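The sequence shown begins at 42 in this note's numbering and counts up one residue at a time. We treat Cβ as the ideally placed atom computed from N, Cα and C, and that holds for glycine. Note that the structure is predicted; figures quoted are calculated from it, not measured. Below is one structure, written out as structure tokens; the observations come after it.
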Amino acid sequence: MNANVKQALDHALSHWKSMAASEQEESESTAEQFEASFYALIDAIRAWYDELEEQPGALDQFLDLPMIQDIMNQLPSPLVLNFETEAEFIVDHIVRMDEDKYD
């Protein structure tokens with residue numbers, strides 16, 4: 042796995058676990074940390090994808106890549122649909138504005 046993607050994935054999963062275990066008072070802060078780390082993961086994957094010599098042209102092909110399969114296998118099930126949505130944007134070369142990411 043690409044080192045930058047691996048590091049971003051580890052951070053996102055760590056923040057997910059922290060968010061799940063957080064108390065009511067901490068929940069907003071940990072949710073914001075997770076959200077930021079999730080989109081940092083997406084940005085790392087986008088950077089990796091942009092460097093590929095042969096980019097998959099379809100979402101299914103992208104999702105079948107070994108690294109992407111590995112990531113999806115590690116993601117908690119509630120995140121898979123969000124990940125697939127972001128993957129589609131990557132394949133379609135759509136970059137959302139920061140304020141759009143969090144809606």
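Put simply, the backbone Cα of Ala72 is about 12 Å away from that of Leu54.
Ile135 counts as exposed, since fewer than 16 other beta carbons sit within 10 angstroms of its beta carbon. Going by beta carbons, Val132 and Ile86 fall outside the 8 Å limit. The C-beta of Ser78 has 16 or more other C-beta atoms within 10 Å across all chains shown, which makes the residue buried. In the DSSP annotation of this structure, the continuous segment of the alpha helix (DSSP H) that includes Ala44 starts and ends at Ala44 to Ala62.
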